[in-house]
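Here's the structure we're looking at; comments come further down.
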Amino acid sequence: MSLVRLRNVQKTYRSLQGADYVAVEGFDLAIEAGEFFCLLGPSGCGKTTVLKLVAGFESPTAGEILMGDTPVTGASRDRGVVFQGDDSLYGWLTAVENVEFGLRMRGVTKSERRDRAMRYLELVGLHGQQQKYPAELSGGMKQRIQIARALVNEPTMLLMDEPFAALDAQTRALMQQELVTVWRAMRTTVLFITHDIDEAVTLGTRIGVMRAGPRAAVKGVLDVSLNGARDRTDDVFLRYYRQVYEMIRDEVAKSNARAE
Amino acid sequence: MGCWWSRYGGYLVGFVSLFTLWHLAAVYLVGSVLFPPPSVVFRKAMVLLRNGVLIEHLWASVQRILAGFIAGSLLGIPIGLAMGSFRSLRKILEPYTEFLRFIPSVAMITVAVIWFGIGEASKIFLIVYTTIFIVILNTAAGVSAIAPNKIRAAQALGATRAQIFLHVALPATVPYILTGMRLAMANSFTTIVAAELIAANEGLGKMLWDGRMFMLVDDIFVSLVCLGLLGFAVDRMFRWSIYTFAGKYSPAT
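These protein sequence lines map, in sequence, to chains A and B. Using my numbering, read the first sequence as starting at 1 and increasing by one per residue. Using my numbering, read the second sequence as starting at 261 and increasing by one per residue.
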């Protein structure tokens with residue numbers, strides 16, 4: 001059985017003027033336990049909508065979302081979330097206090113949660129930065145705090161909404177490598193939202209390509225069987241890149257045409 | 261010494277130049293008993309300090325400001341938090357805040373005196389009145405300015421609604437609350453002087469009024485300088501305590 005299933009999901013937003021916008025429609029997707037699923041799509045296609053639905057921040061207008069065989073009715077610590085920007089971090093807490101947040105809410109004792117938080121800070125490469133406040137840290141480091149904060153809670157699944165999109169190219173490449181290392185160590189199921197083909201091929205074990213919105217759905221899913229370190233200059237890597245590119249090219253064009 | 265100078269040197273130069281300019285203007289430009297130079301005001305202040313009159317007036321005003329300001333903040337913060345958290349409550353309470361905040365506290369003096377007499381109660385009522393709306397509005401604005409992702413992150417980390425309020429909404433709002441309180445403090449000074457001018461037996465405003473009645477220009481200036489220094493000192497203390505106790509909540513860090 002799949003870990004998460006989206007069946008015929010539809011999400012409609014109503015604007016202040018009262019007009020309906022159907023962001024996604026007839027959306028079907030199954031995510032298996034332990035996989036690193038990249039959901040790729042042109043900007044504005046409703047990728048983030050899908051993430052919000054899976055996270056339980058919003059509920060679908062129609063269709064159903066199942067986690068195992070229980071319907072998703074709201075946010076839960078089963079599904080940890082890493083957001084794109086840094087506005088989800090708590091500016092009044094230090095790095096380690098941010099990471100401890102979930103454990104503190106559950107009433108884990110101070111010494112135990114400090115131990116666990118420190119282990120995860122180390123895992124994401126933030127050793128020695130634990131007493132700093134988010135504002136004192138770089139964009140990359142702030143994303144590391146978010147990743148550690150989600151993982152220390154031991155979620156069944158990690159939802160990542162373009163977490164590296166705001167970082168510079170070098171930091172992004174480094175963060176991608178480190179995320180793969182962390183994922184290999186943890187084997188947490190990941191749903192990773194991105195608009196970057198390169199990122200999807202670098203990270204994913206499967207890639208789902210979305211159609212341009214409105215009424216977006218999954219256009220196709222591709223298995224990526226690349227083992228070990230993924231090299232951007234490798235032939236196999238490039239073949240996957242081209243394959244995904246072929247799938248998404250028309251959608252990007254459509255999305256741009258609509259924007260104009 | 262170098263450290264002391266870099267921290268306070270600017271203030272020292274500022275204050276010395278302020279009093280120098282005042283002295284020059286009073287002695288060489290105006291040259292009238294109606295505008296006494298700082299030395300005369302200082303000597304008068306010493307006399308009033310020694311006979312206890314100044315302390316009495318000063319303490320009366322400070323006491324009223326503190327009592328009203330603390331009560332107003334203690335009432336305003338929870339109301340603001342509630343208004344920011346619940347849209348329906350906001351709609352119910354907005355007519356009160358939006359209507360009353362445009363009636364200046366100075367305009368309420370007459371009513372306050374009729375209701376509460378010229379004693380402490382009317383002054384404290386006025387300071388509460390002047391404090392509460394600024395604190396409510398700033399607190400409510402702070403709650404609605406919280407980034408939705410801060411709330412979502414807490415939900416995904418397993419926090420309950422009560423925990424989100426206590427551990428996310430409240431601390432995220434602290435800078436707004438403190439800003440509201442600082443603004444309210446400045447307004448309290450205006451209000452207390454106006455109230456004491458009209459109806460009081462002691463206080464810095466009463467001192468101003470008596471000075472006008474009996475043509476004690478030096479007394480008027482002592483009162484004015486006290487207001488300035490008191491306001492400056494209180495605002496610094498406020499900033500210092502924000503920095504010390506709530507520095508980590510400030511948006512700058």
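Ideal Cβ positions, reconstructed from N, Cα and C, are used throughout, including at glycine.
Straight across, the Cα-Cα distance linking A:L16 with A:V22 is about 15 Å. Pairwise C-beta distances place the segment 118 to 129 of chain A in contact with the segment 140 to 152 of chain A, as three or more of them are shorter than 8 Å.
B:L349 has a beta carbon lying at 9 Å or more from every beta carbon in chain A. In this structure, A:Y120 lies away from A:L158, with their beta-carbon atoms at least 9 Å apart. The segment 415 to 486 of chain B is shown to contain whole alpha helix (DSSP H) runs of 4 or more residues at 421 to 424, 430 to 458, 464 to 473, in chain order. By a beta-carbon distance limit of 8 Å, B:I452 contacts B:I325. Their separation comes to about 5 Å.
Nearest Cα to A:D250 within the set A:P42, A:D231, A:R114, A:V82: A:P42. Closer than 9 Å to the CB of B:H427 there is at least one CB belonging to chain A. Taking a beta-carbon distance threshold of 9 Å, B:A405 does not count as an interface residue toward chain A.
Excluding five sequence positions before and after A:A55, the CB atoms of its chain that fall closer than 8 Å to its own CB belong to A75, R79, V81, L159, given in chain order.
Using a Cβ distance threshold of 9 Å, A:A165 and A:T194 count as a contacting pair. Annotated three-state conformation of A:Q243 is helix, per DSSP. Between B:V434 and the set B:V388, B:G379, B:Y503, the nearest pair of CA atoms involves B:Y503. The C-beta of B:K304 comes no closer than 9 Å to any C-beta of chain A. Taking a 10 Å sphere around the C-beta of B:K304, we find 16 or more other C-beta atoms and assign the residue as buried. For the C-beta of A:R77, the chain B residues within less than 8 Å are, from N- to C-terminus, A416, L417, G418. When secondary structure is reduced to three states using DSSP, A:D168 falls in the coil class, being assigned neither helix nor strand. For A:Y133, the secondary structure class from DSSP, reduced to helix, strand or coil, is coil.
Between A:Y241 and chain B, the shortest Cβ-Cβ separation is not below 9 Å. Setting aside the 5 residues that flank it on each side, A:D86 is surrounded in the same chain by K142, each with a C-beta closer than 6 Å to its C-beta; the list follows chain order.
Of the residues assessed, B:L278 falls on the exposed side of the cut-off, its CB having fewer than 16 other CB atoms within 10 angstroms. Assignment of B:T391 by DSSP, reduced to helix, strand and coil, places it in the helix class.
Per the DSSP secondary-structure output, A:C38 pairs in a beta bridge with A:F192, A:I207. Taking a contact to require three or more Cβ pairs closer than 8 Å, the segment 310 to 319 of chain B and the segment 368 to 385 of chain B do not qualify as touching. Proximity of chain A to B:R412 at the Cβ level (cut-off 9 Å) is accounted for by K52, A55, F57, A75, V81, F83, S88, in chain order. Pairwise C-beta distances place the segment 400 to 410 of chain B in contact with the segment 340 to 356 of chain B, as three or more of them are shorter than 8 Å. Listed in chain order, the non-local C-beta contacts of A:T202 below 6 Å within the same chain comprise Q176, R230, local neighbours out to five positions each way being set aside. Within 10 angstroms of the beta-carbon of B:F346 lie fewer than 16 other beta-carbons, which makes it exposed. Contact of B:Q423 with chain A by beta-carbon distance below 8 Å involves M105. By the C-beta density criterion, B:L489 is exposed, having fewer than 16 other C-beta atoms within 10 angstroms. For B:L318, the enclosing alpha helix (DSSP H) stretches over residues 313 to 345. In the three-state reduction of the DSSP assignment, A:I145 falls in the helix class. At a cut-off of 9 Å between beta-carbon atoms, B:N409 makes contact with chain A. Interface residue (Cβ-Cβ distance to chain B less than 9 Å): A:L3 is not classified as such. For A:R77 against B:L417, the beta-carbon gap comes to about 6 Å, under 8 Å, which counts as contact. The beta-carbon distance between A:E64 and A:R7, rounded to whole angstroms, is 5 Å. This is short enough to meet the 8 Å contact definition.
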